[in-house]
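A.B. asks:
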Amino acid sequence: MTGLKRIFLNYKTPIFPSLKIPQFRNKIQQLQKQTKFLCERMKKRFIQGDTNQLRQSILDIAVEEYRMREALLSILYSTYPTDISRFENRYRYFSKEVEKALNNSGFRIIGAEDFVGKSFDIGMAVKPLNMKSFNANDELVIEQMIEPVIMDGEIVARVGLVRVRRK
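Count the sequence shown with my numbering and you get residues 13 to 179, in order.
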């Protein structure tokens, strides 16, 4: 049984998705447009032979996939428990295909499971979004991963974006 199914077993009454579906649909459509745009840009760069820009486009697509994951999880939390498996399976397939494409390109994603809840250190491959809210001597913990860290072998190809809080 997946973690999301366990969450929904605790609900006694169904959640009414009609209240939130339009805003989630708009978010997903926005992400789909951005992904299509990035794919078109990647095709042009491949044809032109611009490998640095092609590499950047691949990284952009990986970040959009991560954002799509967050949007889909929000939708799953507001749907009926019976629909969860269907959405999970669709996303799992999409995510596996993106991961396969990244692996073929030599990239790998380091997601939230490796950072959230751990102490923040200036030397980490993440950039805190809300760092200005804290003093230099505050002990900070990573609260949320907004964008993943993307590695190219053992080199950081793209720095992640996180939200931190005081310990």
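In this text, a Cβ means the ideal position worked out from N, Cα and C, and glycines have one as well.
Quick check: the region 54-66 against the region 158-175, are there 3 or more CB pairs under 8 Å?
C.D. replies: These segments do not touch.
A.B. asks: Residue range of the beta strand (DSSP E) that residue 155 falls in?
C.D. replies: Residue 155 sits at position 143 when you count from the first residue of the sequence shown. That run of the beta strand (DSSP E) goes 152-159.
A.B. asks: With respect to the beta strand (DSSP E) encompassing residue 119, which residues constitute its N-terminal and C-terminal limits?
C.D. replies: The residue given as residue 119 occupies position 107 in the sequence shown. Per DSSP, residue 119 belongs to the beta strand (DSSP E) from 119-122.
A.B. asks: DSSP on residue 137, reduced to helix/strand/coil?
C.D. replies: As a first step, residue 137 must be located in the sequence shown, where it is residue number 125. Residue 137: coil per DSSP, three-state reduction.
A.B. asks: Hey, how far is the Cα of residue 14 from the Cα of residue 99?
C.D. replies: Position 2 of the sequence shown, counted from the start, is the residue given in the question as residue 14. Position 87 of the sequence shown, counted from the start, is the residue given in the question as residue 99. Only weak support exists for where residue 14 lies, its pLDDT of 49 falling under 50; the value from the coordinates is given anyway. Approximately 12 Å between the Cα atoms of the pair.
A.B. asks: For residue 172, report the span of its beta strand (DSSP E) as first-last.
C.D. replies: Here residue 172 refers to the residue found at position 160 of the sequence shown. It spans 172-178 - the beta strand (DSSP E) in which residue 172 sits, taken as one unbroken run.
A.B. asks: Run the CB neighbour count on residue 78, radius 10 Å, all protein chains shown included, and call it buried at 16 or more, exposed below.
C.D. replies: As a working mapping, residue 78 is identified with position 66 in the sequence shown. Burial call: buried.
A.B. asks: Starting from residue 162, follow its DSSP beta bridges and name the residues at the other end.
C.D. replies: To locate residue 162, count along the sequence shown from 1; it is residue 150. Paired residue(s): 121, 170.
A.B. asks: Pull up the distance between the alpha-carbon of residue 123 and that of residue 60, whole angstroms please.
C.D. replies: One-based indexing of the sequence shown puts residue 123 at position 111. One-based indexing of the sequence shown puts residue 60 at position 48. If I take the Cα positions, the gap works out to 32 Å.
A.B. asks: In angstroms, rounded to a whole number, what distance separates the CA positions of residue 140 and residue 105?
C.D. replies: Counted from its first residue, the sequence shown places residue 140 at position 128. Counted from its first residue, the sequence shown places residue 105 at position 93. Spanning the two alpha carbons is a distance of roughly 31 Å.
A.B. asks: If the criterion is Cβ atoms closer than 8 Å, does the pair residue 74 and residue 128 meet it?
C.D. replies: One-based indexing of the sequence shown puts residue 74 at position 62. One-based indexing of the sequence shown puts residue 128 at position 116. It is not a contact, given that the beta carbons lie outside the stated cut-off.
A.B. asks: Using only alpha-carbon positions, find the residue among 80, 45, 117, 172 that is nearest to residue 107.
C.D. replies: Position 95 of the sequence shown, counted from the start, is the residue given in the question as residue 107. Cα-wise, what sits closest to residue 107 is 80.
A.B. asks: For the candidate residues 50, 56, 176, whose alpha-carbon lies nearest to that of residue 145?
C.D. replies: Counted from its first residue, the sequence shown places residue 145 at position 133. Nearest of 50, 56, 176 to residue 145, Cα basis: 176.
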